[in-house]
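Report on one structure; see the data block that follows.
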Amino acid sequence: MAKRQFKLKTNESNELIRAYVGSKDGPTRTRYQAVRLYGEGYPVKEIEAITGCSRSSLMEWCRTYRTHGIAGLVDKRVGGNRAKLTATQIETVSKRLREYTPRELFGPEAYTQDGQFWTVEDLHRAVKQWMGVTWQSRSSYYELFTACGFSFQRPAKVFKSRREAQVADFEEQLEKN
Numbered sequence: 010m011a012k013r014q015f016k017l018k019t020n021e022s023n024e025l026i027r028a029y030v031g032s033k034d035g036p037t038r039t040r041y042q043a044v045r046l047y048g049e050g051y052p053v054k055e056i057e058a059i060t061g062c063s064r065s066s067l068m069e070w071c072r073t074y075r076t077h078g079i080a081g082l083v084d085k086r087v088g089g090n091r092a093k094l095t096a097t098q099i100e101t102v103s104k105r106l107r108e109y110t111p112r113e114l115f116g117p118e119a120y121t122q123d124g125q126f127w128t129v130e131d132l133h134r135a136v137k138q139w140m141g142v143t144w145q146s147r148s149s150y151y152e153l154f155t156a157c158g159f160s161f162q163r164p165a166k167v168f169k170s171r172r173e174a175q176v177a178d179f180e181e182q183l184e185k186n
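Written out as structure tokens, the structure is:
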């Protein structure tokens with residue numbers, strides 16, 4: 010059985026504790042804690058149980074700590090959806106959403122009958138047409154609406170095959186009775 014080569018000095022352990030306490034980012038805190046526990050001699054199985062990380066992740070974090078120090082343990086991951094549109098592209102989408110209505114872009118193929126307001130389905134089609142980008146999650150479109158300064162409202166449920174003349178006649182009959 011190989012003897013553990015990675016040992017932390019007291020000042021390094023204290024530095025990791027201070028970084029752990031001062032961090033608000035969960036994944037980064039987990040890395041600080043896991044590296045500190047490993048460097049203090051805790052068994053790997055116990056560290057896995059405490060932090061929920063895998064052995065391979067733990068070893069990678071220890072390697073990173075040795076080469077880059079505490080700064081190397083900071084979580085640098087960025088969500089996949091965020092990377093699909095740049096800030097400039099989001100600004101372009103925002104301007105176009107204000108400039109056009111779904112009816113103007115898609116005609117009678119707009120998701121709502123009047124085509125006056127943007128829906129997730131219309132936004133999906135517009136972003137795909139303008140930027141060539143699609144997301145699998147509806148929440149990504151909600152976030153894009155928010156980034157563009159739009160609020161979320163549920164559209165009225167109106168059937169596309171609805172005949173306005175017949176509806177008016179029906180409502181007139183209801184008033185007479």
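Be aware that the sequence shown starts at 10, since it is given in the working numbering, and climbs by one per residue. By construction, the Cβ of each residue, glycine as well, lies at the ideal position given by its N, Cα and C atoms. Computed from a predicted structure; not experimentally measured.
What residue range is occupied by the uninterrupted alpha helix (DSSP H) comprising Ile79? Looking at the DSSP string, Ile79 is not in any alpha helix (DSSP H), and its letter there is neither H nor E.
Nearest CA to the CA of Glu49: which residue from Thr19, Lys104, Arg40? Of the residues Thr19, Lys104, Arg40, the one whose Cα lies closest to the Cα of Glu49 is Thr19.
Can you round the beta-carbon distance between Leu67 and Thr37 to whole angstroms, since I take them to be within the 8 Å contact cut? Rounded to the nearest angstrom, the Cβ distance from Leu67 to Thr37 is 15 Å, too far for a contact under 8 Å.
Compute the distance between the beta-carbons of Thr143 and Lys137, then report whether it is under 8 Å. Yes.
For Gln145, which of helix, strand or coil comes out of DSSP? coil
Which one of Gln182, Arg45, Ser160 has the shortest CA to CA distance from Ser103? Ser160
So Glu130 and Tyr120 are supposed to be a Cβ contact under 8 Å. How far apart are they, rounded? 4 Å
Which residues mark the beginning and the end of the alpha helix (DSSP H) in which Trp9 is found? One cannot answer for residue 9 here, as it falls past the ends of the chain, which runs 10 to 186.
Assign Gly124 to one of two classes, buried (16 or more other C-beta atoms within 10 Å of its C-beta) or exposed (fewer than that). Burial call: buried.
Distance, Cα to Cα, Gly31 vs Tyr41? Each residue's Cα considered, the two are about 11 Å apart.
Measure the alpha-carbon distance for Gln98 versus Pro117 and round it to whole angstroms. Between Gln98 and Pro117, the alpha-carbon positions lie close to 27 Å from each other.
At the level of alpha carbons, what is the spacing between Leu106 and Gln145? 21 Å
Can you give me the Cβ contacts of Glu114 inside the same chain, cut-off strictly under 7 Å, excluding the 5 residues immediately before and after it? First, the residue type needs correcting, since residue 114 is Leu and not Glu in the sequence shown. Excluding positions up to five away in sequence, the list reads Ala135.
Contact check, Cys62 vs Thr95 under 8 Å by CB: the rounded distance? 33 Å between Cβ atoms; not a contact.
Going by C-alpha to C-alpha distance, which of Tyr74, Lys54, Trp139 sits closest to Ser22? Tyr74
Report back the beta-carbon spacing between Ala28 and Ile79 to the nearest angstrom; my notes put them in contact at under 8 Å. Sure, about 5 Å apart at Cβ, within 8 Å.
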